[in-house]
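Below is one structure, written out as structure tokens, with a few remarks after it.
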Amino acid sequence: MSVIVRFAPSPTGYLHIGGARTAIFNYLYARHHKGKFYLRIEDTDIERSEKQYEDEILESMQWLGMDYDGDPVYQSKRTDLYKSYIKKLLESGHAYFCNCSKEELDAERERAMAEKRKAVYSKKCRNNPVNEGVIRFKIPESGATKFVDTILGEISINHEEIEDFVIARADGSPTYNFTVVVDDADMGITTVIRGDDHVNNTPKQILIYQALGLMPPTFAHVPMILGSDKKKLSKRHGATAVTQYRKAGYLPEALFNYLVRLGWSHGDQEIFTKEELVKAFDTGSIGSSAAVLNVEKLNWLNAHYIKSMDPKDMTERLISEGLVPDEFKNRIKDADVQRLLPMVQERSKFLGDAYKGLEFFLKDKIEYDPKAYEKYITPEIKPVLSELKGELEKLSSLDDLKAVEAIFTALIEKHNINLKNIAQATRVLITGTDISPGIFEIITMMDKKKVLERLSV
RNA sequence: GUCCCCAUAGUCUAGUGGUUAGGACAUGGCCCUCUCAAGGCUAAGACACGGGUUCGAGUCCCGUUGGGGACGCCA
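Numbering follows this note's numbering, with no gaps: position 54 of the first sequence is 55.
Structure below.
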């Protein structure tokens, strides 16, 4: 039997990295088994659902490189389907109307907590039928529902712990625990891979499958991502939206790789291409404990992907991410800049660094880091710099590394100074700072006129 | 509070009864070096606790502790 999975976000917010991870797991699982990966937009909550969020979620998925099969399924367009199933449950006696007021229910809940009991509905309307209000699903009076979770193993929940939950609101619109079942069954979903926070919903849903005479899928509940304080990851821990990571200069490859490895592993391997992941991934090897997000490791991966990226691709990426001003969009593709780029990539943690490292080379005028200038451009070194300028000027071209090095060596000997001093001073004058790729290499790559100009002190 | 789940270093993890408990990030040191990175080498650092089962337990069972999650006419 072929595998069919789905990712089912609700467009009530941006794509959270936790959500992104479950999407990735679904995606990888489907691709690994050569099955289908569907997308379902859970927009039954009309009040809170917004098109803008939906767009952002779709964009984030695309950015991460997840393509889904077929067209997205919108729950808001399937009310008739849900209603026909609700009617079935009503007719078969698996559901009933309830007109208890919110106040009544709240009071009941508080009382249950105070009496140290599980807060479940009293079943008042189940025992005294009414014919209006919300519709509740009847949970069997005794027994338990068990299922085998691919990640967590066997899970069993007693029916006394589950309340007769609402499957349709007073206005007739269906709620989550009911629509998931109808849709998963209708879409032929074979495996549900979702967040750990749904474990307690699973028995409710299995009971609905049974009441409807449908076959439940297998379930794989992936543990949560936690913040550094081990609480559920939220905004106060820092960035949680996929788009925030994009804006901060992370590569989708890095985020993707990081998120997969958070809670899943394959021997000692840390770095995976998507192809390797498709080949190696399976739900059975997802860990069963929650994982703390570690930005340092994400940064390490990001740096790795940045430095291993082909300069041509990096150039395109810098442009498409809007990091390159219009005036340099063509210039950045020139051969000299392209030669410098890998050296800059090697030193970059984020996309922004990769562009910034190029700026001194692209711009005509640079600004000096005052501290670096003060430290290295000393009165003693100035005459040597002038001399350096004179010597470089004599060369017909600066692109011979050996010739450039020879000039520096000669100056060091002549003035009995350290290579460090002259190299750092030259670096400050040419790049504006005391941190850059090798200064000799830079000189050989740079326009001669520009080099001479900057060496004028 | 009730129920469900989880438990190897600061963090992510390998480990499926016999290992000097392996790898990665972060941290310290060394090497390389014109700066900064990168890279190489190296150091320190873990089986939460208590009972069992077993010749033998990180690994199996029970309990304790700790942590997380769920308890909506949200999804």
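Ideal placement from N, C-alpha and C gives every residue a C-beta, glycine not left out.
Please read these numbers as outputs of a predicted model, since none were measured by experiment.
Start and end of the alpha helix (DSSP H) containing residue i?
i, result
"E105", "103-115"
"D314", "312-321"
"K376", "371-377"
"I18", "18-33"
"I443", "440-446"
"E388", "383-395"
"Y246", "243-249"
"I163", "It is not in any alpha helix (DSSP H) - I163 carries neither H nor E in the DSSP assignment."
"G358", "352-363"
"P141", "First-last for P141: undefined, no H or E at that position."
"N422", "420-432"
"I413", "402-416"
"M216", "Segment: none, M216 is in no alpha helix (DSSP H) and carries neither H nor E."
"R237", "Neither: R237 is in no alpha helix (DSSP H) and is coded neither H nor E."
"N128", "125-128"
Nearest by alpha-carbon distance to residue i: which of the options is it?
i, options, result
"L453", "D435, S437, L430, P438", "L430"
"D44", "I382, S174, M447", "S174"
"T284", "S3, G19, T23, T13", "T23"
"T316", "S77, V338, V135, K421", "V338"
"A426", "G391, F441, L386", "L386"
"H222", "R170, I168, E155, H267", "E155"
"D172", "T445, D46, K450, A145", "D46"
"K313", "T146, E328, L341", "L341"
"E142", "V293, V121, K78", "V121"
"M225", "V200, L412, F38, M216", "V200"
"Y210", "D187, L393, S397, V345", "D187"
"D448", "H416, S397, V296", "S397"
"K213", "D198, S85, E271", "Reading off the sequence, residue 213 comes out as Leu, not Lys. Answer by Cα proximity: S85."
"E297", "N331, T274, D107, S229", "S229"
With a threshold of 6 angstroms on Cβ separation, who are the neighbours of residue i within its own chain once the five nearest residues in sequence on each side are excluded?
i, result
"A242", "Y15"
"D68", "none"
"A255", "L302, N303, Y306"
"N132", "F98"
"S437", "R428"
"G134", "F98, C99, N100, A171"
"K350", "N300, A304"
"D440", "In the sequence on display, residue 440 carries Ile and not Asp. Around I440: A424, T427, R428."
"H267", "A281"
"I5", "G36, K37, G189, I190, T191"
Identify the continuous beta strand (DSSP E) that holds residue i and give its terminal residues.
i, result
"F138", "135-138"
"N159", "154-159"
"G71", "Taken as a continuous stretch (DSSP letters only), G71 belongs to no beta strand (DSSP E), as it is neither H nor E."
"K37", "37-42"
"V345", "That residue, V345, is in no beta strand (DSSP E); its alpha helix (DSSP H) goes 336-347."
"I5", "5-8"
"P192", "The residue asked about is misnamed: residue 192 is Thr in this sequence, not Pro. Here the beta strand (DSSP E) through T192 covers 192-196."
"H305", "Looking at the DSSP string, H305 is not in any beta strand (DSSP E); the run it does join, the alpha helix (DSSP H), is 296-309."
"K147", "145-150"
"T219", "219-223"
"I168", "167-169"
Since residue i contacts residue j with CB under 8 angstroms, what's their CB separation in whole angstroms?
i, j, result
"V29", "L278", "This sequence places Leu at residue 29; Val is not what is there. With 8 angstroms as the limit, L29 and L278 qualify as a contact, their Cβ atoms being about 6 angstroms apart."
"I42", "Q76", "7 angstroms"
"A373", "T410", "About 24 angstroms separates the two Cβ atoms, so there is no contact after all."
"F361", "L65", "The Cβ separation is near 33 angstroms, so there is no contact."
"P218", "T191", "5 angstroms"
"R262", "E276", "Going by Cβ atoms, the distance from R262 to E276 rounds to 16 angstroms, so no, they are not a contact pair."
"T151", "F38", "Actually they are not in contact, since the Cβ atoms of T151 and F38 sit about 17 angstroms apart, beyond 8 angstroms."
"E109", "S123", "6 angstroms"
"L402", "I413", "Not quite, the Cβ-Cβ distance comes to about 16 angstroms (not below 8 angstroms), so this is no contact."
Looking only at its own chain, which residues have a Cβ that is under 8 angstroms from the Cβ of residue i, when we skip the five neighbours before and after it?
i, result
"W1", "No information on residue 1 is available, as it lies outside the stretch 2 to 458 that the chain covers here."
"E51", "P12, T13"
"L252", "N303, Y306, I307, M310, R318, L352"
"R127", "Y97, C99, R137, K139, D165"
"K334", "T316"
"A404", "L396"
Can you give me the Cβ contacts of residue i inside the same chain, cut-off strictly under 7 angstroms, excluding the 5 residues immediately before and after it?
i, result
"Q206", "N178, V181, V182"
"R49", "T13"
"L324", "L352, G353, Y356"
"T244", "Y15, E57, S61"
"P204", "T146, I158, I163"
"K390", "L453, L456, S457"
"G20", "P10"
"E322", "L352"
Quickly, what does DSSP pair residue i with across the bridge? List them, please.
i, result
"R455", "In the DSSP output, where bridge partners are listed per residue, R455 has none listed."
"C99", "V135"
"I287", "W265"
"P175", "A169"
"V293", "L227"
So does residue i have its beta carbon nearer than 7 angstroms to some heavy atom of the ligand NAD?
i, result
"Y75", "With respect to the ligand NAD, the structure shown offers nothing to examine, as it has no ligands at all."
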